[in-house]
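Participant: As you go down the protein sequences, you meet chains A and B in turn.
Okay, so the first sequence: first residue is 1460 according to our numbering, each after it adds one.
Okay, so the second sequence: first residue is 26 according to our numbering, each after it adds one.
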Amino acid sequence: MRVIETRLPGCDAEHYTLRASPAKWPSRSSTSLVWADYTVTRAEWLLSTPEASSHQLCARLPSATSHYGSYKVDNTAATASGRSFLPHSVTSMGSRIAATLIVLAAVAALLWVALGGNATDSATESVTAAAPTSAPAAASRTPQTSTDDTSAASDREEPENVSTNDGSDSDTTVQKAESDPTAVPEPAANAPENFGPRMDLVDLDGWLNTDATSIDDFNGKVLLVEMWTFGCSNCKARIPYNQGYYEKFGDQNFEIIGVHAPEFSYEADVANIENALVDLGVTWPVALDTDKLNFRAWQPGSRSFWPRSYVIDQNGDIRYDHIGEGKYEELRDTIRYLVENPPPATSS
Amino acid sequence: MRIFTEGIQSLKLACSLVLLIPALGVVLMGRRRLWLVPAWIATVSLTAWFTFTGWFTPLASGPGHVLVGIGLLGLTALAWKQDRLSSDLAATMTAAFLAAWTWIPCVGRELGGILNNARAEPWAELVPTVLYFLGLFLPLIIIAALDIAWPRIGELTNAPWVRATGLAIVGLVGGLVAITLFDDVAGELVRRSSF
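1) How many angstroms separate the CA atom of B:Thr119 from the CA atom of B:Ile95?
2) Do you know whose CA, among B:Glu146, B:Asn141, B:Leu206 and B:Leu44, lies nearest B:Val91's CA?
3) Using the DSSP secondary-structure output, state which residues sit across from A:Ser1768 in a beta bridge.
4) Could you name the residues of the same chain whose beta carbon sits closer than 8 Å to that of A:Gln1758, not counting the 5 residues immediately before and after it, in chain order?
5) Please state the DSSP three-state secondary structure of A:Ile1716.
6) Could one say the Cβ of B:Pro47 lies closer than 8 Å to chain A's Cβ atoms, at least one of them?
7) So what does B:Val132 bridge to, in DSSP terms?
8) At the level of alpha carbons, what is the spacing between A:Glu1733 and A:Asn1753?
9) Within 10 angstroms of its Cβ, does B:Pro83 collect 16 or more other Cβ (buried), or is it exposed?
10) Of all the options B:Val215, B:Arg109 and B:Thr76, which has the alpha carbon lying nearest to the alpha carbon of B:Ile129?
11) Give the interface partners of A:Trp1765 over in chain B, defined as CB-CB distance under 8 Å, in chain order.
12) With A:Leu1739 and A:Phe1689 assumed to form a contact (beta carbons below 8 Å), what rounded beta-carbon distance in angstroms separates them?
13) Is the beta carbon of B:Ala85 less than 8 Å from the beta carbon of B:Thr127?
14) With respect to the alpha helix (DSSP H) encompassing B:Leu71, which residues constitute its N-terminal and C-terminal limits?
15) CA-CA distance, B:Val187 and B:Leu38?
16) Is the distance from the Cβ of B:Leu214 to the Cβ of B:Leu61 below 8 Å?
17) By the three-class DSSP mapping on this structure, what secondary structure does A:Gly1558 have?
18) Let me see if you follow: with CB-CB separation under 8 Å, is B:Thr101 close to chain A or not?
19) Would you say A:His1719 reaches chain B, if we count a Cβ-Cβ gap shorter than 8 Å as a contact?
20) Whole angstroms are fine: how far does the CA of A:Glu1789 sit from the CA of B:Phe81?
21) For B:Gly55, does the count of other Cβ atoms within 10 angstroms reach 16, so buried, or fall short, so exposed?
22) With the cut-off set at 8 Å, would you say A:Gly1783 and B:Leu201 are in Cβ contact?
23) Can you tell me which of B:Pro164, B:Ala193 and B:Val132 puts its alpha carbon nearest to the alpha carbon of A:Ser1692?
24) With distances taken Cα to Cα, identify the nearest neighbour of B:Leu103 among B:Ala211, B:Val195 and B:Val210.
25) Ignore the nearest five residues each way along the sequence and tell me which others in B:Arg58's own chain have a CB closer than 6 Å to its CB.
26) Would the C-beta of B:Leu42 count as close to the ligand GTP, meaning under 7 Å from any of its heavy atoms?
27) Between the alpha carbons of A:Val1745 and A:Tyr1705, how many angstroms are there, rounded?
28) Report yes or no: is there a C-beta of chain B within less than 8 Å of the C-beta of A:Ser1692?
29) Quick check for students: name the residue ranges of the alpha helix (DSSP H) that lie wholly in the region 1732–1765 of chain A, counting only runs of 4 or more.
30) Helix, strand or coil: which one does DSSP assign to B:Pro88?
31) According to the Cβ coordinates, are B:Leu123 and B:Leu97 closer than 8 Å?
32) Chain A partners of B:Ile166, CB-CB under 8 Å?
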C-alpha cells in the first residue's frame, strides 16, 4: 500500500489528491483509511476515480500536515509507505539522486575505514608493534612540553627524529630541542604544570601485581596513575607505551599504577582481570576499583573517561593530566623531567 | 577528517554500545527518519559537548537519571499511541539525551584532543564533536538516506512491525535506565559477543 500526496487537476487549491497504489482497498476488513487526519471511508473510496493503476480523491488536509501527515489503515496491518512521511520536496528526482550520492559516499567511507585506510587506524596499530622499544629510546631527548599533539606515528617510527608530516606546531617545538642536543632547558621554564595534590585511592577491592595495600606505599616516587579497564581498546593501545616507560624509568624511582575501573560486569571479575593482565603484559601494580569510586572521584562530575593518565610527582602533586590515547612523547618527557628533577620536598 | 574516521572506528568499541542500542531503536522507529536521525545526532552531539566542556556535569546516576528513564518510557508509549512526528521526536531526543548522558567514552587520539581542549576552548570543539558523531552514526545516515534514494527499501523498512521493534527497543532502554540496569544489559551483550 502506498499513499502519496499530489496536487492534481480536479482538486481546488485547498484540497490535495490522495492517491493510493495498488488500486484496491487495503483489505476487506478495513472500514476506513486515515491519512493526515482525514478519514477516507470505504464508500468514498469506491466513489473515487480510478486512474491508471491508482485510486484518487480530493481531500482537504490540515495545513500542518499537508506535506507529511501520518496515516494508518484501520483494522488491518497493511504495510505503510515511507514516502508519505517525507516532505513533498524530497520526493523529487533531484533529492533522490542527492540521497543516493550520500548513501554511496557514506558506504565508501565505512568501507575505507573498515579496510584500515586512514592514518588514525594505522597509527593505533603500529603502537602495539613498536612502542615498547621506541618509546624509551626516544626518551633521551631534552624534556620539552609541546602545546599541541605530536604524531605518535613519528614518535614510534623515527624515535630520534620527531619531525612529523602533519605540520603541527609541536613539531617545531620538539625540533628546536633536537637541534641542540646538549642544550639543557631551565627547569623552571620546562617544569610541568602543578595541578595540586593527588587524591587518595579509597575503598579498593584489592591490588594485583604488588604487595602494596595503599597508594601511600608509593609515596616519594614519580607515579603514572592510569584509569583503565581491560575491555577498552583505547586503554589497551596505551599499554605498549606504558611498558616502554616502565622499562626505561622503572629503576629511576618511577612506578605505574593502573586503576582498573570496569565498565561492564564481566570486567569486574578478578579472574578475568588477572587473565587480561597476563595476556596484555601488564606487570605494574593494578588497583581494583570495581565500583568506580576512585574513577569518578579523580574525574568529578560526568567528565569520566577511559583511559585517563595522571603523572604524580615525588611530593604527591599532579603534574600531568591527559584524556585518551596520544601525547605519548609529552608524557614520556614529563616522567623524564620529574625523575631527573625531583621537586623540593615539601613539609606535608 | 581524522575525527570523523575515529568516529566511524568507534562503531566497534564496546563503550559505544550505550549509544548504539537506542540509536538502533530510533532508526527502526522509521518513517520519519529524515527528521529523527538528524535530531538524534544533534541531541547526542550537544549533550556530549556540554559534558566535555564541563557545563553539564551531573552524574548519570541517582534520582534524576531514573526520572529521565521513566520519562522516556512514557514518551515511547505516547509515540506508539499517537504515531506523530512530534511524539516521535520527543522520544528520540529524550533517548538521545539519556544515551549521551549515560555514555562514558573510550577515548581515542582524536576524541582525546577534543576532551583535553574542550574546557579551555569550548566553542572550538563543537564542530569536531559533531563530526565525531557523524562518523559514529554514519549507518543511521545511510538508512535515512535510503528512504529517499530507493523508496522500495523505505517501504520494506517502514513496516509496522519494524516500527514496533524500534519503539520496543527505545522503551526498553528507558525502562532499563529507570531500574538502573541499562549498563549491565549492555555489558552482557558485550560479554556474549566477545567470549
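The C-beta atom is built at its ideal place from N, Cα and C for all residues, glycine as well.
Facilitator: In this structure, then:
1) Numbered from 1 along the second sequence, position 94 holds the residue referred to as residue 119 of chain B. Numbered from 1 along the second sequence, position 70 holds the residue referred to as residue 95 of chain B. So the two alpha carbons sit approximately 11 Å from each other.
2) The sequence position of residue 91 of chain B within the second sequence is 66, counting from 1. Per the Cα distances, B:Leu206.
3) Your numbering for residue 1768 of chain A matches position 309 in the first sequence. In DSSP, A:Ser1768 forms a bridge with A:Glu1685 and A:His1781.
4) The residue labelled residue 1758 of chain A in the question sits at position 299 within the first sequence. These residues qualify, in order along the chain: Met1686, Phe1764 and Arg1767.
5) As a first step, residue 1716 of chain A must be located in the first sequence, where it is residue number 257. Reduced to three states, the DSSP call for A:Ile1716 is strand.
6) Here the question's residue 47 of chain B lines up with position 22 in the second sequence. By this cut-off, B:Pro47 is not an interface position.
7) Within the second sequence, the letter at position 107 stands for residue 132 of chain B. Bridge pairing for B:Val132: absent [DSSP].
8) The residue labelled residue 1733 of chain A in the question sits at position 274 within the first sequence. The residue labelled residue 1753 of chain A in the question sits at position 294 within the first sequence. For A:Glu1733 and A:Asn1753, the distance between alpha carbons rounds to 20 Å.
9) Residue numbering aside, residue 83 of chain B sits at position 58 when the second sequence is read from its first letter. Per the 10 Å Cβ criterion, exposed.
10) Within the second sequence, numbered from 1, the residue matching residue 129 of chain B stands at position 104. Nearest of B:Val215, B:Arg109 and B:Thr76 to B:Ile129, Cα basis: B:Thr76.
11) The residue labelled residue 1765 of chain A in the question sits at position 306 within the first sequence. The contacting residues are Cys40, Ile129, Pro130, Cys131 and Val132.
12) Along the first sequence, one-based indexing puts residue 1739 of chain A at 280. Along the first sequence, one-based indexing puts residue 1689 of chain A at 230. That belief holds up - the Cβ atoms of A:Leu1739 and A:Phe1689 are roughly 7 Å apart, short of 8 Å.
13) Translated into positions along the second sequence, residue 85 of chain B becomes position 60. Translated into positions along the second sequence, residue 127 of chain B becomes position 102. B:Ala85 places its beta carbon less than 8 Å from that of B:Thr127.
14) Position 46 of the second sequence holds residue 71 of chain B. B:Leu71 -> alpha helix (DSSP H) spans Arg58 to Thr78.
15) By one-based count along the second sequence, residue 187 of chain B stands at place 162. By one-based count along the second sequence, residue 38 of chain B stands at place 13. When the Cα atoms are used, B:Val187 and B:Leu38 turn out to be separated by approximately 26 Å.
16) Residue mapping note: residue 214 of chain B aligns to position 189 of the second sequence, counting from 1. Residue mapping note: residue 61 of chain B aligns to position 36 of the second sequence, counting from 1. It is not a contact, given that the beta carbons lie outside the stated cut-off.
17) Numbered from its first residue, the first sequence carries residue 1558 of chain A at position 99. Before going further, note that residue 1558 of chain A is Ala rather than Gly in the sequence given. In the structure shown, A:Ala1558 sits in a helix (DSSP, three-state: H, G or I).
18) On the second sequence, position 76 is the one that residue 101 of chain B refers to. Not a single C-beta of chain A is nearer than 8 Å to the C-beta of B:Thr101.
19) One-based indexing of the first sequence puts residue 1719 of chain A at position 260. Under the Cβ distance rule, A:His1719 does not count among the residues neighbouring chain B, no pair being separated by less than 8 Å.
20) Mapped onto the second sequence, residue 81 of chain B falls at position 56. Mapped onto the first sequence, residue 1789 of chain A falls at position 330. The straight-line gap from Cα to Cα measures roughly 29 Å.
21) Position 30 of the second sequence, counted from the first residue, corresponds to residue 55 of chain B. B:Gly55 is buried by the Cβ-count criterion.
22) Indexing the first sequence from 1 puts residue 1783 of chain A at position 324. Indexing the second sequence from 1 puts residue 201 of chain B at position 176. Their beta carbons are not under 8 Å apart, which means A:Gly1783 does not touch B:Leu201 by this criterion.
23) On the first sequence, residue 1692 of chain A is found 233 positions in, with the first residue counted as 1. For A:Ser1692, the closest of B:Pro164, B:Ala193 and B:Val132 by C-alpha to C-alpha distance is B:Val132.
24) One-based indexing of the second sequence puts residue 103 of chain B at position 78. Nearest option by C-alpha distance: B:Val195.
25) Within the second sequence, the letter at position 33 stands for residue 58 of chain B. So the list reads Ala169 and Asp172, once near-sequence residues are dropped.
26) With respect to the ligand GTP, the structure offers nothing, as it holds no ligand at all.
27) As a first step, residue 1745 of chain A must be located in the first sequence, where it is residue number 286. As a first step, residue 1705 of chain A must be located in the first sequence, where it is residue number 246. Within the model, the alpha-carbon separation for A:Val1745 versus A:Tyr1705 is close to 14 Å.
28) Taking the first residue of the first sequence as position 1, residue 1692 of chain A is located at position 233. Contact of A:Ser1692 with chain B is assigned, a C-beta pair being separated by under 8 Å.
29) The region 1732–1765 of chain A contains these whole alpha helix (DSSP H) runs: 1752–1757.
30) If you number the second sequence from 1, residue 88 of chain B lands on position 63. Here B:Pro88 carries a helix assignment [DSSP, helix/strand/coil].
31) Here residue 123 of chain B corresponds to residue number 98 of the second sequence, with the count starting at 1. Here residue 97 of chain B corresponds to residue number 72 of the second sequence, with the count starting at 1. Contact check for B:Leu123 against B:Leu97 passes: the beta carbons are separated by less than 8 Å.
32) In the second sequence, residue 166 of chain B corresponds to position 141, counting from 1. Among the residues of chain A, those whose CB is under 8 Å from the CB of B:Ile166 are Ile1561 and Ala1565, following chain order.
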